[in-house]
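Undergrad: In terms of the working numbering, the sequence shown opens at residue 12 and continues consecutively. Built from N, CA and C at the ideal position, the CB exists for glycine as well. Sharing a structure, written as structure tokens. Questions coming.
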Amino acid sequence: MSPRPNSLAARDAAFHLHGYTNAQKNEQEGGFVITRGKGIYVYDENGKEYLDGMAALWCSGLGFGEEPRLTQAAVKQMQELPFYHTFTQKVASVTVELAEKLVNLAPVPMSKAYFCNSGSEANDTVVKMIWYINNGLGRPQKKKIISRTKAYHGVTVAAASLTGLPGLHIDFDLPIAGILRTDCPHHYRFGNPGESEEDFATRCAESLEKLILREGPDTIAAMFAEPVMGAGGVIIPPKTYFAKIQAVLKKYDILLVADEVICGFGRTGNFWGSQTMGVTPDIMTMAKQLSAGVLPIAAVLVNQRVYEALRDNSAKNTVFGHGITYSGHPVCAAVALETLKIYEERKIVDRVRALEPVFLRELQRFREHPLVGECRGVGLVGAIELVKDKATRQSFDASLAVGPNLVRIAHNHGLIIRAVGDSLAFCPPMVISEAEVVDMFVRFEKSLADVAEWLKRDGHL
Ligand SMILES: Cc1ncc(COP(=O)(O)O)c(C=O)c1O
Numbered sequence: 012m013s014p015r016p017n018s019l020a021a022r023d024a025a026f027h028l029h030g031y032t033n034a035q036k037n038e039q040e041g042g043f044v045i046t047r048g049k050g051i052y053v054y055d056e057n058g059k060e061y062l063d064g065m066a067a068l069w070c071s072g073l074g075f076g077e078e079p080r081l082t083q084a085a086v087k088q089m090q091e092l093p094f095y096h097t098f099t100q101k102v103a104s105v106t107v108e109l110a111e112k113l114v115n116l117a118p119v120p121m122s123k124a125y126f127c128n129s130g131s132e133a134n135d136t137v138v139k140m141i142w143y144i145n146n147g148l149g150r151p152q153k154k155k156i157i158s159r160t161k162a163y164h165g166v167t168v169a170a171a172s173l174t175g176l177p178g179l180h181i182d183f184d185l186p187i188a189g190i191l192r193t194d195c196p197h198h199y200r201f202g203n204p205g206e207s208e209e210d211f212a213t214r215c216a217e218s219l220e221k222l223i224l225r226e227g228p229d230t231i232a233a234m235f236a237e238p239v240m241g242a243g244g245v246i247i248p249p250k251t252y253f254a255k256i257q258a259v260l261k262k263y264d265i266l267l268v269a270d271e272v273i274c275g276f277g278r279t280g281n282f283w284g285s286q287t288m289g290v291t292p293d294i295m296t297m298a299k300q301l302s303a304g305v306l307p308i309a310a311v312l313v314n315q316r317v318y319e320a321l322r323d324n325s326a327k328n329t330v331f332g333h334g335i336t337y338s339g340h341p342v343c344a345a346v347a348l349e350t351l352k353i354y355e356e357r358k359i360v361d362r363v364r365a366l367e368p369v370f371l372r373e374l375q376r377f378r379e380h381p382l383v384g385e386c387r388g389v390g391l392v393g394a395i396e397l398v399k400d401k402a403t404r405q406s407f408d409a410s411l412a413v414g415p416n417l418v419r420i421a422h423n424h425g426l427i428i429r430a431v432g433d434s435l436a437f438c439p440p441m442v443i444s445e446a447e448v449v450d451m452f453v454r455f456e457k458s459l460a461d462v463a464e465w466l467k468r469d470g471h472l
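Here it is, written out as structure tokens:
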């Protein structure tokens with residue numbers, strides 16, 4: 012359907028290039044233009060209301076447009092010091108405060124915070140830090156980095172290479188050299204028939220160890236892992252997984268980088284996903300809910316051991332030759348600090364924990380549905396995976412685009428969710444109420460019914 016002439020959708024088609032979008036389709040149909048938000052709802056240019064079941068890309072933990080405090084924090088900072096940088100030992104006072112706050116909030120002892128503008132940039136920065144410190148430590152061969160199939164770590168050159176989704180590599184000449192891929196810890200998809208979660212976790216750890224031994228432990232520097240894999244389909248690792256994986260990494264002196272870009276700041280029912288999943292990282296990256304998505308800011312936390320290696324190499328080289336103009340931008344830092352205060356005052360972690368049983372109950376309601384293979388969730392993040400055959404777990408033919416079609420149909424029912432293949436992801440603002448959680452799944456139920464009807468009508472079932 013082509014957009015109304017002169018509508019924002021038509022202007023979007025004419026002037027705007029989107030990420031993660033079929034450009035040809037957008038040229039024909041125009042964008043899905045959001046003009047305002049309130050609470051957990053957003054509104055399109057025709058005034059239609061949508062419950063944003065994805066908190067706008069896992070970001071808007073506090074919802075939309077109801078945070079005058081964040082606005083005030085930004086305005087105050089803009090009036091006092093709208094910009095300063097962090098090169099050559101300079102820094103805005105508010106950036107120092109945020110660094111201290113994040114180091115103190117870390118789930119395990121961390122030493123220093125480094126700021127970036129996006130999760131991708133944070134992960135790219137970590138890759139460079141790891142290469143840098145291993146050169147400094149006199150082990151230039153220890154550089155390879157392990158990541159997992161279906162991992163999502165972003166789109167910049169190193170981060171996209173870490174991402175384990177083929178769509179981010181095809182025609183981009185990625186991944187770069189030195190990235191190793193290990194198993195995706197998705198029991199439903201990759202567990203053997205009859206294999207327990209624990210046995211599957213053991214198998215993942217054994218497979219990781221084999222990979223390390225095959226490549227040579229002294230060639231491998233680090234492994235990246237999201238505590239709960241988000242954009243790969245909301246994949247919650249099997250019981251005992253991280254304990255077993257971490258034992259292997261420790262044995263071969265391989266650093267663990269926890270990518271908390273989605274899991275951080277309460278999403279999984281603890282302040283950090285690492286706490287929920289028993290991860291003890293050496294390095295952490297975070298973004299998104301750090302500022303409730305209101306301004307772009309990301310951070311890297313490094314522990315003392317990593318920091319000391321970096322410090323010593325920077326002294327040898329006279330500087331740590333890495334820096335981003337907007338790193339630690341004071342306005343973003345002020346908004347992030349205020350966001351963290353709001354999370355504390357509103358006891359956001361307790362809130363997520365209180366809502367978790369309702370969220371999981373509503374999610375699991377679909378377990379018996381003939382098109383549903385798996386319902387998985389933790390805290391306030393989850394997914395429902397659709398299958399053609401429940402017994403064999405056979406997926407639908409990808410060309411049917413069942414998940415993306417459901418997302419489109421959900422718009423008719425006033426719901427925004429995200430498809431990862433045929434898994435539909437839910438990640439509502441953490442300020443959602445119990446009744447709104449129920450309503451979100453009622454809207455999903457209607458969308459699923461429409462999809463079932465379409466598949467039946469066209470003979471795909
Ligand atoms: C776990 C994870 N890491 C990194 C990123 C990349 O963040 P950004 O899109 O801010 O570059 C994302 C984005 O969704 C993510 O989910």
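(1) Can you pull the DSSP bridge partners for M297?
(2) Does any heavy atom of ligand 1 sit closer than 7 Å to the C-beta of I246?
(3) Could you please give the first and the last residue of the uninterrupted alpha helix (DSSP H) stretch that includes K221?
(4) Per DSSP, which one or two residues make a beta bridge with C195?
(5) Is G275 near ligand 1, judged by its Cβ being under 7 Å from some heavy atom?
(6) Is G473 near ligand 1, in the sense that its beta carbon is under 7 Å from a heavy atom of that ligand?
(7) Which whole runs of the alpha helix (DSSP H) in the stretch 100-158 are 4 residues long or more, in chain order?
(8) My output table needs one value for R387: the three-state DSSP class, helix, strand or coil.
(9) Could you tell me which residues DSSP pairs with L397 in its beta bridges?
(10) Specify the secondary structure class of K255 as computed by DSSP and reduced to three states.
(11) From T279 to L68, what does the alpha carbon distance come to, in whole angstroms?
(12) Is it a yes or a no for the stretch 104-116 touching the stretch 332-348, going by three-plus beta-carbon pairs under 8 Å?
(13) Please report the straight-line C-alpha distance between Q315 and A20, rounded to a whole angstrom.
(14) Applying the 10 Å Cβ sphere with the 16-neighbour rule, what's the burial state of E445?
(15) Indicate whether V462 and L417 have their beta-carbon atoms separated by less than 8 Å.
(16) Where do the N-terminal and C-terminal ends of the alpha helix (DSSP H) with D270 fall, by residue?
(17) Return the Cβ separation of G130 and A309 in integer angstroms, given the expectation that the two are a contact with Cβ distance under 8 Å.
(18) According to DSSP, which residues form a beta bridge with Q405?
(19) For F331, which of E78, R150, R80 and Y143 has the nearest alpha-carbon?
(20) Just grab the DSSP bridge partners of K49 for me.
(21) For T97, does the count of other Cβ atoms within 10 angstroms reach 16, so buried, or fall short, so exposed?
(22) Does the distance from the CB of G48 to the CB of G76 come in under 8 Å?
(23) How about G304: is its Cβ closer than 7 Å to a heavy atom in ligand 2?
(24) Going by C-alpha distance, which of S458, Q39, N37 and G72 is nearest G50?
(25) With distances taken Cα to Cα, identify the nearest neighbour of I231 among I156, Q286, I428 and S325.
(26) Please confirm if the stretch 369-389 is in contact with the stretch 450-465, defined as three or more CB-CB distances below 8 Å between the two stretches.
(27) For L173 versus F235, is the C-beta spacing smaller than 8 Å?
(28) Could you pull the start and end residues of the alpha helix (DSSP H) that F370 belongs to?
(29) At a cut-off of 7 Å, is E56 close to ligand 1 when judged by its beta-carbon and the heavy atoms of the ligand?
(30) If you follow the beta strand (DSSP E) that V431 is in, where does it begin and where does it stop?
(31) Start and end of the beta strand (DSSP E) containing I353?
(32) Flag A236 as yes when its Cβ comes closer than 7 Å to any non-hydrogen atom of ligand 1, and as no otherwise.
(33) Which whole-angstrom value is the C-beta distance of L321 and M140, which I expect to be below 8 Å?
TA: Let's see:
(1) A310
(2) no
(3) E208 to E226
(4) Note: C195 sits in no beta bridge, so no partner.
(5) no
(6) Residue coverage of the chain in this structure runs from 12 to 472, which leaves residue 473 outside it and unanswerable.
(7) 104-116 and 130-147
(8) In this structure, DSSP gives R387 an extended state, which the three-state scheme calls strand.
(9) V383
(10) helix
(11) 16 Å
(12) yes
(13) 50 Å
(14) exposed
(15) Yes, they are a contact pair.
(16) D270 -> not in any alpha helix (DSSP H); beta strand (DSSP E) instead, spanning L266 to D270.
(17) 5 Å
(18) D400
(19) Taking each of E78, R150, R80 and Y143 in turn and checking the Cα distance to F331, the smallest one comes out for Y143.
(20) Y52
(21) buried
(22) At the C-beta level, G48 and G76 come within 8 Å of one another.
(23) This structure simply doesn't include ligand 2; it includes ligand 1 instead.
(24) G72
(25) I156
(26) yes
(27) Yes; because the gap between Cβ atoms is below 8 Å, this pair is in contact.
(28) I359 to Q375
(29) False, no ligand heavy atom lies under 7 Å from that Cβ.
(30) R429 to V431
(31) For I353, no beta strand (DSSP E) encloses it; the enclosing alpha helix (DSSP H) starts and ends at P341 to E356.
(32) no
(33) The beta-carbon separation of L321 and M140, rounded to 6 Å, stays under the 8 Å limit for a contact.
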